[in-house]
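Structure, as structure tokens:
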Amino acid sequence: MSTEMPATRRTVLRGVALAGAVGAADVGLSACGGKKNGSSDGPTTAVDLGASSAVPVGGAKLYRDDKVLVSQPTQGTFKAFSAVCTHQGCVLDTVDGTTASCPCHGSEFNAETGAVVRGPADKALPAVDVKAVGGKLTAGPGA
Ligand code: FES
3 MSTEMPATRR
13 TVLRGVALAG
23 AVGAADVGLS
33 ACGGKKNGSS
43 DGPTTAVDLG
53 ASSAVPVGGA
63 KLYRDDKVLV
73 SQPTQGTFKA
83 FSAVCTHQGC
93 VLDTVDGTTA
103 SCPCHGSEFN
113 AETGAVVRGP
123 ADKALPAVDV
133 KAVGGKLTAG
143 PGA
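If you're matching positions, the sequence shown starts at 3 in this note's numbering and goes up one per residue.
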């Protein structure tokens, strides 16, 4: 009779210890639950971005809906990059001069080269084809 009590107590304690370990594992999993997009691509087809004059010379413009970042380093020369952050796939949301920023964890990219200016992202934005014809910008595959 008295020998069952310690065994029961030990069983309960073991159960509590296991539950704690499982709980810790759950916490660990959810802590890294940030889903990596897996794709840093911008548009999948050529998209019309409107007037090329909307992109300032020496600056950049973000076309967030189309996931494209376009800069114009010199008059008439355009560069375009995916606006999907290479860290975890958020779409960039602001441009200041030639620096584009990600709202999720603060990564910054050079809009003229796609290079990382500030992490945590460690890969440059992929280049996207872009062309300006008749004052209109088109970006994406086949542009
Ligand atoms: S998704 Fe993390 S910094 Fe952009």
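Here a beta-carbon is modelled for each residue, glycine too, at the ideal position from N, C-alpha and C.
Values in this document were obtained by computation on a predicted structure and should not be read as measured data.
*For Gly25, which of helix, strand or coil comes out of DSSP?*
Residue placement at Gly25 is flagged as unreliable, the pLDDT there being 37, under the threshold of 50; the coordinate-derived value follows with that caveat. Gly25 falls in the helix class under three-state DSSP.
*Which one of Cys106, Gly99, Ser109 and His107 has the shortest CA to CA distance from Val72?*
Gly99
_Close-in-space but distant-in-sequence residues of the same chain around Ala134 (CB under 6 Å, 5 per side omitted)_ = Shown here for Ala134: same chain residues with a beta carbon closer than 6 Å to its own, the five before and five after excluded, namely Ser54 and Phe80 in chain order.
*Three-state secondary structure assigned by DSSP to Asp131*: coil
_Of the residues Cys104, Ala62, Val70 and Val59, the one placed nearest Asp131, counting alpha carbons only_ = Val70
_Cβ neighbour criterion (16 or more within 10 Å) applied to Thr46_ = exposed
*By how many angstroms is the C-alpha of Val49 removed from the C-alpha of Lys138?*
11 Å
*Going by Cα to Cα distance, which pick from Gly78, Cys92, Pro58 and Gly52 is closest to Leu127?*
The shortest Cα separation from Leu127 among Gly78, Cys92, Pro58 and Gly52 belongs to Cys92.
*Looking only at its own chain, which residues have a Cβ that is under 6 Å from the Cβ of Gln113, when we skip the five neighbours before and after it?*
Per the sequence presented here, residue 113 reads as Ala, with Gln not at that position. Taken in chain order, the residues that qualify are Ala62, Leu71, Ser73, Thr100 and Ala102.
*Measure the alpha-carbon distance for His89 versus Gly136 and round it to whole angstroms.*
36 Å
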